[in-house]
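For reference, the structure discussed in these notes is given below.
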Amino acid sequence: MTQEYYSRYARQTILPQMGLEGQQRLSQAKVLIIGCGGLGGPVLSYLAAAGVGTIGLIEFDTVSLSNLHRQIIFETKDIDQQKIEVAKHRIQSLNPNVTVLSYNTQLTSKNALEIFLEFDLIVDGSDNFPTRYLVNDACEILNKPFVYGAIHQFEGQVSVFNYKGSCTYRDLYNTPPNPETAPNCAIGGVLGPIAGVIGSLQAVEALKIICDIESPLFNEILVVEFQSMTFRKFKLTKNTERPKISALIDYEAFCASKTKESFALTKDEFNALAKENIYLIDIREPYEHEEFNIGGENIPMDELEKEDIRANVTTILYCASGIRSKTLATKLRKSLPTADIRYLDCSLKEFI
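Going left to right, the sequence shown walks through residues 10 to 361 as this note's numbering numbers them.
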């Protein structure tokens, strides 16, 4: 060990719970971080600074203007750049001794087990339920612990799952919530610093697990309500009757609405109708429309009135995922029963 090594980590190795033995554990650890955004950013920054030997990153998105208020590893100059490349540079700038393994791809049932196999610990910084269930199930199959974090508006959650036989994410949420009411930052919003706090707490839990420091947050969940600044921990109970996960499934379908509305359009159905006389409305916010759109008029969901619907023409609403457009289309069809109102029931990412 060089003098530079001792100097870099001096302030944490003097902790009796850490010491040089703990630092050695960190240098040998392999940690995979899912997502390089609001949660993943502080996680990767603190783990790199602490000296984790190998950090894996999974991210396939690009930096957008609306990311910057909470994803502070990115700068204005990074807009439209691959997040994973910016994150990799961030780690190498912080600590050139860290080996970075980058996976510029979407995490799926087809690649999760192969990727996870290379790592000791998984940190989930994703922002959607299909990925959370996928991470949980892959970790359960491979018997790997993972650190969970989630944020929405003024609330954050942190826990450690599948740690030495502890509770898993499915013991907290055995079945996914209704996709129409599920928390979503694009709809409900989130205060930027909350991502930093929750991501930092995830980093702390990861370091505790790697260095075998008492006591990781397993079999309980920390819920932080930032408006009242209330920190509460709730005990979790393992469901011993739940069958053990043995195979990965289609998690998009698992978390999707159980029934397809007759007025819902797939991408192919939309493309066929787009050749005809339609009135296309993007009901997202203006900044979302400017970042990427598939055409049409931009009338935000809160501003669209039934008077905006044109007669004798098919009106098609779209948003980022189909959730907002389904809600509004359902409402408008009730107030305008004779109007032909439909919505695009797929992710806009399919058009990129």
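Note that the Cβ used here is the ideal one computed from N, Cα and C, for glycine as well.
- DSSP places Arg351 in the uninterrupted beta strand (DSSP E) bounded by 350 to 353.
- Residues Lys39, Thr108 of the same chain have their beta carbon placed closer than 6 Å to that of Thr63, with the five preceding and five following residues left out of the count.
- With a 10 Å radius around the Cβ and a threshold of 16 neighbouring Cβ atoms, Leu210 comes out buried.
- Within 10 angstroms of the beta-carbon of Gly158 lie 16 or more other beta-carbons, which makes it buried.
- For Thr246 and Leu231, the gap between their C-alpha atoms comes out near 14 Å.
- For the set Cys328, Glu314, Arg20, the Cα lying nearest the Cα of Gly305 is the one of Cys328.
- Sequence-distant partners of Gly198 (beyond 5 residues in either direction) whose C-beta falls short of 7 Å from its own C-beta, in its chain, are Gln162.
- Under DSSP, the beta-bridge partners assigned to Lys242 are Leu231.
- Spanning the alpha carbons of Ser344 and Lys315 requires a straight line of approximately 8 Å.
- Residues of the same chain with a CB within less than 6 Å of the CB of Gln80, apart from the 5 flanking positions on each side, are Gly46, Gly47, Gly50 in chain order.
- In the structure shown, Asp291 falls within a strand segment according to DSSP collapsed to helix, strand and coil.
- Of all C-beta pairs linking the region 161 to 177 to the region 17 to 27, fewer than three are shorter than 8 Å, placing the two stretches out of contact.
- A Cβ-Cβ contact shorter than 9 Å links Asn145 with Thr177.
- A Cβ-Cβ separation of about 7 Å places Ile42 in contact with Gly65 under the 8 Å criterion.
- DSSP lists Ile43, Tyr157 as the bridge partner or partners of Asp133.
- When the alpha-carbon of Ala215 is set against those of Glu164, Pro25, Ser54, the nearest one is in Ser54.
- DSSP lists Phe155 as the bridge partner or partners of Phe170.
- The count of Cβ pairs closer than 8 Å, one atom from the region 26 to 35 and one from the region 109 to 116, stays below three, leaving the stretches out of contact.
- Closest option to Glu164, judged by alpha-carbon separation, among Cys148, Gly201, Ile258: Gly201.
- Going by DSSP, Ile218 is part of the alpha helix (DSSP H) stretching over 201 to 220.
- For Ala273, the secondary structure class from DSSP, reduced to helix, strand or coil, is strand.
- Counting along the chain, Tyr327 sits inside no alpha helix (DSSP H); it lies in the beta strand (DSSP E) bounded by residues 323 to 327.
- Around the beta carbon of Pro186, fewer than 16 other beta carbons lie within 10 angstroms, which makes this residue exposed.
- Residue environment: Asn248 is assigned as exposed (fewer than 16 neighbouring CB atoms within 10 Å of its CB, all protein chains considered).
- Between Ile219 and Arg333 the beta-carbon gap is near 40 Å, outside 8 Å, which marks them as no contact.
- For the pair Phe360 and Ile303, the Cα-to-Cα distance works out to about 8 Å.
- Separation of His78 and Val322 (C-alpha to C-alpha, rounded to the nearest whole angstrom) is 40 Å.
- The beta strand (DSSP E) runs of length 3 or more contained entirely in the region 57 to 85 are, from start to end of the chain, 63 to 67.
- Residue pairing from DSSP places Tyr112 in a beta bridge opposite Ile67.
- For Asn145, the secondary structure class from DSSP, reduced to helix, strand or coil, is helix.
- If the five residues before and after Asp317 are omitted, its C-beta is found closer than 7 Å to the C-beta atoms of Ile308, all from its own chain and listed in chain order.
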